[in-house]
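J.: When we follow the UniProt record's numbering, the leftmost residue of the sequence shown carries the number 306, and every step to the right adds one. First the structure, which I've put down as C-alpha cells, then a few questions once you've had a look.
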Amino acid sequence: HALVAAKAGGLGRWRAYDPSMASALTDRIALGGATKDGSLTLDYQPIAALSTGHIAGFEALLRWRHPTRGRLSPDEFIGIAEESGLIVPIGDWVLATAARSARRWTAAAGADAPYVSVNVSPRQFQPAGFVDTVHGVLATTGLPPHRLVLEVTESSLLRDDDKAWDDLQSLRVLGVRIAIDDFGTGYSALSYLRHAPLDILKLDRLFISQLATSARQRDLVAGIVRLARSLDLDVVAEGIETPQQRDISAEIGCGYGQGYLIGRPVLDPGTHAG
Ligand code: C2E
Ligand code: MG
Ligand code: MG
Ligand code: MG
C-alpha cells in the first residue's frame, strides 16, 4: 500500500519508497567518494596486431571495489554513474589516470610504445569542454595525442545534435584517434560510417563468437570488415577466446584483436615492464 500511495504522489516519492532505488542511491554516494579513496582502479587489456602478435595498445577498463559488495564490473555500475551524472567526473579521472599510465609506457618503450584506449560515455559530451578536458590531460601528462584512442558508442555518434561528432572531429585534428566500440550491437546503420569522425572500428564480440558457427555468418562479418577497411578504418576483433576465432578474424581482414586468448585485463602492465 505504501508503494501505491507513493506512486500516486509522483515519481519522486515513488523513488523514495522503492528499495532498489534507495540502494542505488547509496551506491551513488559511495561512487562519488570512490575516485578519492582509491577504490576505483583501472585494468588494462592488450590489443594485438593479429599478423605478428605485437601489442599495439591497451584498453583501460574501470573497476570499482564497493565498500560492502566487493569488486564490481562496470556493467553493474556504469548505468548508475551515467544516470546520476557522476560518469563525468569519473570519466575525467579515467582519462587522466589512463593517460598517466600510458605516458610511462611511452617512456619505457620509446617510439614503439602502445597506445591507451579509453571508453567515453555519451553523457561526457553533454557538458561543454570535453575537448578542453582531453587537451588538458594530454598537456599535463605529456602523452602524445597519437597514443590516445577514445572509444565511443553508436549512441554517441547518432545523437540528435552534432555535439559529440564536432568534439570528436576537433580531437582528431589534435591527433587523437577515435574508435567505435561494440560495433554491430546498436543500429548497425552502415551508411553513417562513411562520414563519421572515426579511425578504428571494434567489432563486437558477439560477431566474433559466431564466426566459426556458419559460413553465412562469416561472410556477413567479412563484408563489414571489407567495408570498414574501404573507409580506411583499422578493425579490432573483440572477445577473441579461441585460436580458431583469432585465425578467422585475421583471414577476413581484421588487423587487430582483443580477448582472453590474447590477454586478460590486468593491473597497469607498465609496472611489470621494467
Ligand atoms: P567494452 O568497452 O566493450 O570492453 C570490453 C569488455 O569485454 C570488458 O568487460 C572486457 O573485460 C571484456 N572482454 C575482453 N575480452 C573478452 C573475452 O575474450 N571474452 C569475454 N567474454 N569478455 C571479454 P568489462 O571490463 O566488464 O567492461 C564492460 C563494459 O563497461 C565495457 O565494454 C565498457 O562499455 C564499459 N566500461 C569499462 N570501463 C569504462 C570506463 O572507464 N568508462 C565507461 N564509460 N565505460 C566503461
Ligand atoms: Mg571499450
Ligand atoms: Mg567493446
Ligand atoms: Mg562492451
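Cβ coordinates follow ideal geometry from the N, Cα and C atoms, glycine included. These figures come from a predicted structure and were not determined experimentally.
Would you call Gly317 buried or exposed, if buried means 16 or more other Cβ atoms sit within 10 Å of its Cβ?
T.: Here residue 317 refers to the residue found at position 12 when the sequence shown is read from its first residue. For Gly317, the predicted model reports a pLDDT of 40, less than 50, meaning its position is unreliable and no value from the coordinates is stated.
J.: Is Tyr561 helix, strand or coil by DSSP?
T.: Looking up residue 561 in the sequence shown gives position 256. Residue state, collapsed to three classes: strand.
J.: Can Gly390 be considered in contact with ligand 1, in the sense that its beta carbon sits closer than 7 Å to one or more heavy atoms?
T.: For the purposes of this step, residue 390 is taken as the residue at position 85 of the sequence shown. Answer for Gly390: no, Cβ out of range of ligand 1.
J.: Do Leu347 and Leu367 have their C-beta atoms closer together than 8 Å?
T.: If you number the sequence shown from 1, residue 347 lands on position 42. If you number the sequence shown from 1, residue 367 lands on position 62. Leu367 is positioned such that its CB atom lies closer than 8 Å to that of Leu347.
J.: What three-state label does DSSP hand Asp348 in the structure shown?
T.: For the purposes of this step, residue 348 is taken as the residue at position 43 of the sequence shown. Note: Asp348 maps to strand in three-state DSSP.
J.: Run the proximity test for Asp486: is its beta-carbon closer than 7 Å to any non-hydrogen atom belonging to ligand 2?
T.: As a position in the sequence shown, residue 486 is number 181, starting the count at 1. Under cutoff, so the answer is yes.
J.: Going by beta carbon distance, what residues of the same chain come within less than 6 Å of Ile360, once the five residues before and after it are set aside?
T.: Counting from one through the sequence shown, the residue named residue 360 turns up at place 55. Once the five neighbours on either side are set aside, the close Cβ partners of Ile360 are Pro351, Ala353, Pro419.
J.: Is Glu543 near ligand 3, in the sense that its beta carbon is under 7 Å from a heavy atom of that ligand?
T.: As a position in the sequence shown, residue 543 is number 238, starting the count at 1. Remark: the shortest separation between the CB of Glu543 and any heavy atom of ligand 3 falls under 7 Å.
J.: So, with DSSP's three-state summary, where would you put Ala407?
T.: Position 102 of the sequence shown, counted from the first residue, corresponds to residue 407. Three-state DSSP puts Ala407 in a helix.
J.: I think Val425 touches Leu455, with their Cβ atoms under 8 Å apart; what is that distance to the nearest whole Å?
T.: The count along the sequence shown starts at 1 and reaches residue 425 at position 120. The count along the sequence shown starts at 1 and reaches residue 455 at position 150. Contact flag correct, Cβ pair sits at about 5 Å.
J.: Between Ile352 and ligand 5, is there a pair consisting of the residue's CB and a ligand heavy atom that are separated by less than 7 Å?
T.: Ligand 5 is absent from the structure shown, which contains only ligand 1, ligand 2, ligand 3 and ligand 4.
J.: For Asp539, which of helix, strand or coil comes out of DSSP?
T.: If you number the sequence shown from 1, residue 539 lands on position 234. Note: Asp539 maps to strand in three-state DSSP.
J.: Taking the beta carbon of residue 583 as the centre, do at least 16 other beta carbons fall within 10 Å, making it buried, or is it exposed?
T.: The structure shown does not extend to residue 583, since the chain is modelled only from 306 through 579, so no value can be given for it.
J.: Please work out which residues of its chain come closer than 8 Å, Cβ to Cβ, to Leu532, disregarding the five sequence neighbours upstream and downstream, and give them in chain order.
T.: For this step, residue 532 is matched to residue 227 along the sequence shown. Closer than 8 Å at Cβ, skipping near neighbours: Leu495, Leu498.
J.: Out of Ser461, Thr373, Ile395, Ala365, which has the shortest C-alpha to C-alpha gap to Lys341?
T.: Translated into the one-based positions of the sequence shown, residue 341 becomes position 36. Minimum Cα distance to Lys341 is reached at Ile395.
J.: Can you grab the Cα-Cα spacing for the pair Gly560 / Arg510, in whole Å?
T.: Within the sequence shown, the letter at position 255 stands for residue 560. Within the sequence shown, the letter at position 205 stands for residue 510. One C-alpha to the other measures close to 15 Å.
J.: May I have the straight-line CA-CA distance separating Arg464 from Gly491, to the nearest angstrom?
T.: Along the sequence shown, one-based indexing puts residue 464 at 159. Along the sequence shown, one-based indexing puts residue 491 at 186. Rounded to whole angstroms, Arg464 to Gly491 spans 13 Å at the Cα level.
J.: Any heavy atom of ligand 2 closer than 7 Å to the Cβ of Glu387?
T.: Here the question's residue 387 lines up with position 82 in the sequence shown. With a cut-off of 7 Å, the C-beta of Glu387 is classified as distant from ligand 2, since no heavy atom of the ligand falls inside that distance.
J.: Using only the alpha-carbon positions, how far apart do Asp486 and Gly415 sit?
T.: Numbered from 1 along the sequence shown, position 181 holds the residue referred to as residue 486. Numbered from 1 along the sequence shown, position 110 holds the residue referred to as residue 415. Going by the C-alpha atoms only, they are around 27 Å apart.
J.: Report the three-state DSSP secondary structure of Val526 (helix, strand or coil).
T.: Residue 526 sits at position 221 when you count from the first residue of the sequence shown. Of the three classes helix, strand and coil, the one that applies to Val526 here is helix, per DSSP.
J.: Within 7 Å: the Cβ of Glu364 and any heavy atom of ligand 2?
T.: The residue labelled residue 364 in the question sits at position 59 within the sequence shown. Yes - ligand 2 has a heavy atom lying nearer than 7 Å to the Cβ of Glu364.
J.: Considering only residues of the stretch 399-478, which uninterrupted alpha helix (DSSP H) runs meet the minimum length of 4 residues and lie entirely inside it, listed in chain order?
T.: 435-446, 459-462
J.: Using CA atoms only, rank isn't needed, just tell me which of Trp369, Trp398, Thr373 is closest to Ile385.
T.: For the purposes of this step, residue 385 is taken as residue 80 along the sequence shown, with counting starting at 1. Comparing Cα positions, the closest option is Trp369.
J.: Across which residues does DSSP place Glu546 in a beta bridge pair?
T.: Start at 1 with the first residue of the sequence shown, and residue 546 comes out as number 241. Partner(s): none; Glu546 has no beta bridge.
J.: Ends of the beta strand (DSSP E) at Leu377?
T.: Here residue 377 refers to the residue found at position 72 when the sequence shown is read from its first residue. Per DSSP, Leu377 belongs to the beta strand (DSSP E) from 375-377.
J.: Please list, in chain order, all residues of the same chain as Leu536 whose beta carbon is under 7 Å from its beta carbon, the five residues on each side excluded.
T.: Here residue 536 refers to the residue found at position 231 of the sequence shown. For Leu536, where only same-chain residues beyond five positions count, the Cβ hits under 7 Å are Leu498, Arg499.
J.: Enumerate in chain order the residues of its own chain whose CB-to-CB distance from Leu448 is below 6 Å, with the five nearest sequence positions on each side excluded.
T.: As a first step, residue 448 is located in the sequence shown; it is residue number 143 there, counting from the start. Same-chain partners within the cutoff: Ala404, Ala407, Arg408.
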